[in-house]
Amino acid sequence: MGCCHSCLHYVLDYETPKTLVIQSKAVGFVFRFTQLLVILYVVGYVCVVQKGYQETDSVISTVTTKVKGFAYSNTSDLEHRFWDVADYVIPPQGDHSFFVLTNIIVTPNQTQSRCPELPTPSSICTADCDCTEGHSDPRSNGIQTGLCVNYSDTQQTCEVLSWCPLEIDTNLPKHAMLAAAENFTVLIKNSVTYPKFKFHRRNIMPQINSSYLRRCEFNRITDPDCPIFRLKHIVSEAGEDFQSMAVKGGVLGILIDWSCDLDWWAGKCYPKYSFQRLDNKNPNNSVAPGYNFRFARYYKTPDGEETRTLIKGYGIRFDVIVFGTAGKFGIVPTIVNLGAALSFLSLVNRPVTVTILLHLILYFSRTI
Amino acid sequence: MGCCHSCLHYVLDYETPKTLVIQSKAVGFVFRFTQLLVILYVVGYVCVVQKGYQETDSVISTVTTKVKGFAYSNTSDLEHRFWDVADYVIPPQGDHSFFVLTNIIVTPNQTQSRCPELPTPSSICTADCDCTEGHSDPRSNGIQTGLCVNYSDTQQTCEVLSWCPLEIDTNLPKHAMLAAAENFTVLIKNSVTYPKFKFHRRNIMPQINSSYLRRCEFNRITDPDCPIFRLKHIVSEAGEDFQSMAVKGGVLGILIDWSCDLDWWAGKCYPKYSFQRLDNKNPNNSVAPGYNFRFARYYKTPDGEETRTLIKGYGIRFDVIVFGTAGKFGIVPTIVNLGAALSFLSLVNRPVTVTILLHLILYFSRTI
Amino acid sequence: MGCCHSCLHYVLDYETPKTLVIQSKAVGFVFRFTQLLVILYVVGYVCVVQKGYQETDSVISTVTTKVKGFAYSNTSDLEHRFWDVADYVIPPQGDHSFFVLTNIIVTPNQTQSRCPELPTPSSICTADCDCTEGHSDPRSNGIQTGLCVNYSDTQQTCEVLSWCPLEIDTNLPKHAMLAAAENFTVLIKNSVTYPKFKFHRRNIMPQINSSYLRRCEFNRITDPDCPIFRLKHIVSEAGEDFQSMAVKGGVLGILIDWSCDLDWWAGKCYPKYSFQRLDNKNPNNSVAPGYNFRFARYYKTPDGEETRTLIKGYGIRFDVIVFGTAGKFGIVPTIVNLGAALSFLSLVNRPVTVTILLHLILYFSRTI
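Here is the structure:
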């Protein structure tokens, strides 16, 4: 009974530190000034600048792209040829990553057969005994048949089993074949979602109407909200020259930053576009500089034999990269940041802190 | 020596605030009640609801999809035609994003040649002088040759160099050609990894056996774990009508939420599916509503001339979007959240806080 | 006036807790030791191990891949055939996800026509009345015409409208047709960006020169920085056997971890490669184990009829998955972690804590 009573006493007694009030204006001033600094820091930096009171969420995004434009190439080896979207956009789906063909090496009418290897130190031969049947060097173009045949009037090379005739990719056109690609335009449709905040938005703003969309073109100053980009404009904003990039190809990033502050009004949340070359343009530190890949179109001759046209396509791959973080007031980060700030405030209440500060001030005031 | 002694004294002296014990039940009650509130908040909200003691990691995911089904179209312009997966799924690989063709405009037997432009205000002409050789309007279909030729019995338009005959894409079928696509099914295989926690899981749960997988179909109530989805079901759960969406196409998100609490038992971590239309279906605020793209199939005639079949394909692109955050007990977030909470508790120990609270309580008790 | 004076007094008065200095070496030692522990924890664990003072950012990445190698298949059903990159890499673009064909089932010369269904319990028939015109079972291969025709000398099945002849995919070659694919190599070019820190880097390090790149091959011990990987090596590092995986296909993840500490010198930030099989190799819990998809090549016969070659391709999809978090000193996390730590330190100043600790120590020292 007495134990219970004392226990209740312990629970309901309020224990508080005895405090001492020092009525010195100097000490009081230093104290309040330091408090002010801490509070200013907390309110000004943690809250206003860094938004420490916010919960964050990462963006989920979907992108659809549609390229428009056509070109006419009149280089000799491809005859005169007209190119439209179905020809030069690979793959055609208009995903978040699309490739625009700008330069090609075409090897038509390849069939599965035998032909002399391209002349390299290891393929040049003088007699059949220089070639090994079944040998396949990864750097060569096919499997040796063991014969040494005439490559040209002056050279003999080992015969290989391959898609013949072999591709000769050393004569890449100096000027991009589809130089006109710089005037193609691309419409980028981008929808984003912040699932934690149930926030959904598109890069085509509500105030943009259909007739504006039909004629506009992105420009950072005059048309910052237009989602239609001229390829030349994208490349030049990334600090590159379209024509020189088009020769050997490259990868170009279209970065869409959806960093949003969802606390105030949703209107503050809009996409910020930037452009950046993503591959290395420095040629002395890379194998296969630029961007190219080989693909083939398969045909059947009337007698059922399979032939293909091999295309080594150079071009610019545009990667639409969407990133961003949305912040919104959340109780946990607020508590955590405020709690941390209070810890600092309580430091100021310690006599030792104020004493140190006072001594520092006195020292500096004397030296001045 | 004396200095060292006093220094040791300073180091080993324990300095603690003098405290005052107030044996007032009212004050004690207010004090303990406030403490209780703070503790309740910390335990209840920060720990239980927000799981502030957890470290988090973002998901890494791989998706494989496989569509099944076939359809028969009997619209007049494409003759009667049978469609299977290799025909209507583009690209065929079954990536995290797959496209099901539902409606098409076919322009067969195009060749590189000359033909009259489609009649528009700018292409209609009366004499050759209305057309400029080499002129190419981005909105037209080719490069003008400078001639004015008969488009029909009544109209003359400028001749262009292009893939001829030109595509006429104004007569889109009102009813989706592949209406039967609504009964296609898709199997989605999804593996996720949380690298920080070395956690690995698939959306095909261990308890699912092969025979169940062969016959099941996702249904939120009866079969919530089945990874096979009927396309019609996906579209209707997203609040759309398959047949009307199939006409002009669209983009549909299959969202898989892998938010997991890895603290308790791993069995709690399972995928939650949701479906959402990602493009804008509102037609008055968009160019090119829906989703379509052009692709071509290239052929060679027996005499070696290249022809192509141009296909403008409309359809639904399904984007499988995997997101989620896993949380697991971590020492740093626990310390940080607990530390912040202690700061608040120490506030309660201040006499000024309790005094304010007491006055508030007295004020309210008097007014009532 | 008097009010203002007292108000000023209140503002400038410095209120500090009265403290009591206890000159007991035992108490002082316990106090300082506990302080030391807390400080050690904060400095050692939160700062050094967990880097609690850092702000973090997620990686943005672009990947380009290029496969090299050729193979020769001599299985009977495909005749002798030479395969190069344009044949076996699908899609050809060299994206972050690429597929290498290793085994195929080819069904050439399919046309839109009628043929007997493959014999299954539901397709075997004895008379026309067993087949329903227009009936299409999702598990069958086409739409029934209502006729019962000879499938073989001994069996009759319902006739279907489909791409004929039908694919028979039960005779998958036991040994992967492109077994030589294990010696193909892939060059992975990966650029990463941490937008918050304006940090940009490639997986081809500055010290790597062009001649090294031409001959090197990734090896964890001898060439850890070489971005060229032999497919066999990738698969074996993931704990799988290439030849057995090649038969039915699979999905293999090439994980690149770009976790970086950007505080010290940027040289510490380099990619760490790891490999992991992502699909389920356990065959008793999955429909369609492995990885395959169907695609077709379309041809036109001289008389204009469309035929296709249907290919069911099995192979390994390589997904390059880039992840990572960069950390750099940030003022907000520093404040928050330090604040939390200070809260713990202030706990030690409480007499109740020290009393408890003293009692514990006394208790243990007596029992020993």
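Residue numbers (the UniProt record's numbering), protein chains in the order written: chain A, 1 to 368; chain B, 1 to 368; chain C, 1 to 368. Beta carbons: idealized from backbone N, C-alpha and C, even for Gly.
Considering just the uninterrupted stretch of the beta strand (DSSP E) at serine 191(A), what are its terminal residues? 185-194
Can you check whether the CB of threonine 102(B) is closer than 8 Å to the CB of alanine 176(B)? yes
Return helix, strand or coil for leucine 101(A), following the three-state DSSP convention. strand
I'd like to know if the segment 319-330 of chain B and the segment 255-264 of chain B are in contact, where contact means that at least 3 CB-CB pairs between them fall below 8 Å. yes
Tell me the DSSP secondary structure of asparagine 209(B) in three-state form. coil
Which partner residues of alanine 71(B) appear in the DSSP bridge assignment? Trp83(B)
Neighbouring residues, chain A, relative to isoleucine 104(C) (Cβ below 9 Å): Under the 9 Å cutoff, chain A gives no residues; its nearest Cβ is about 14 Å from isoleucine 104(C).
In the DSSP assignment, the alpha helix (DSSP H) including glutamate 237(C) goes from what residue to what residue? 231-237
Pick helix, strand or coil for threonine 222(C), following the three-state DSSP scheme. coil
Please report whether the beta-carbon of serine 162(B) lies at a distance below 8 Å from any beta-carbon of chain A. Among the CB atoms of chain A, one or more fall inside 8 Å of the CB of serine 162(B).
From the DSSP output, in three-state form, read off cysteine 269(A) for me. coil
Go ahead and label asparagine 337(B) buried or exposed: buried means 16 or more other beta carbons lie within 10 angstroms of its beta carbon, across all protein chains shown. buried
Would you report the Cα separation of aspartate 57(A) and methionine 245(B), rounded to the nearest angstrom? Looking at the two C-alpha atoms, the distance is approximately 31 Å.
Say whether chain A places a C-beta atom closer than 8 Å to the C-beta of alanine 238(B). no
For proline 116(A), which of helix, strand or coil comes out of DSSP? strand
Between the Cα of phenylalanine 82(B) and those of Leu166(C), Gly290(C), Val106(C), Pro289(C), spot the shortest distance and give me the residue it belongs to. Leu166(C)
Can you give the beta carbon distance from arginine 114(B) to glutamate 182(B), rounded, assuming they're within the 8 Å contact cut? Going by Cβ atoms, the distance from arginine 114(B) to glutamate 182(B) rounds to 42 Å, so no, they are not a contact pair.
Who are the Cβ neighbours of glycine 290(C) in its own chain at under 7 Å, not counting the five residues just before and after it? Once the five neighbours on either side are set aside, the close Cβ partners of glycine 290(C) are Lys248, Gly249, Gly250, Tyr314.
Using a Cβ-Cβ cut-off of less than 8 Å, list which residues of the segment 171-191 of chain B approach chain C; keep chain order. Hits within the stretch, in order: Asn183, Thr185, Leu187, Lys189, Ser191.
What span of residues does the beta strand (DSSP E) with serine 24(C) cover, start to end? Where serine 24(C) is concerned, there is no enclosing beta strand (DSSP E), given that its DSSP letter is neither H nor E.
Supposed contact pair threonine 19(C) and lysine 18(B) - C-beta distance, whole angstroms, cut 8 Å: Between lysine 18(B) and threonine 19(C), the beta carbon gap of about 7 Å places them in contact (Cβ cut-off 8 Å).
Got a sec: is the Cβ-Cβ distance from proline 91(B) to anything in chain A below 8 Å? yes
Examine chain E for any beta-carbon lying closer than 8 Å to the beta-carbon of valine 251(B), and answer yes or no. Of the protein chains in this structure, namely A, B and C, none is chain E.
From this set, Leu161(C), Cys129(C), Ala180(C), which residue's C-alpha is nearest arginine 230(C)'s C-alpha? Ala180(C)
From what residue to what residue does the alpha helix (DSSP H) around alanine 326(A) run? Careful: alanine 326(A) lies outside any alpha helix (DSSP H), inside the beta strand (DSSP E) at 325-329.
So for asparagine 203(B), helix, strand or coil by DSSP? coil
DSSP state of lysine 248(B) mapped onto helix, strand, coil: helix
Is any beta-carbon of chain A found at less than 8 Å from that of aspartate 257(C)? no
Would the beta-carbon of phenylalanine 218(C) fall within 8 Å of that of isoleucine 228(C)? With respect to the 8 Å criterion, phenylalanine 218(C) and isoleucine 228(C) are classified as neighbours on the basis of their beta carbons.
Interface partners of aspartate 84(B) on chain C, CB under 7 Å: Here the neighbours are Trp163.
Name the chain C residues that come within less than 8 Å of arginine 81(B), Cβ to Cβ? Gln112
Let me check understanding here. Comparing Cα to Cα, which of Asn141(B), Val192(B), Tyr298(B), Ile361(B) lies closest to proline 119(B)? Asn141(B)
Output needed in chain order: residues of the segment 286-315 of chain A with a Cβ under 7 Å from some Cβ in chain B. Arg297, Tyr299, Pro302
Neighbour flag for serine 97(A) against chain C, beta carbons, 8 Å: yes
Valine 186(C) and lysine 66(C) - do their beta-carbons sit closer together than 8 Å? Yes, Cβ-Cβ distance for lysine 66(C) and valine 186(C) is below 8 Å.
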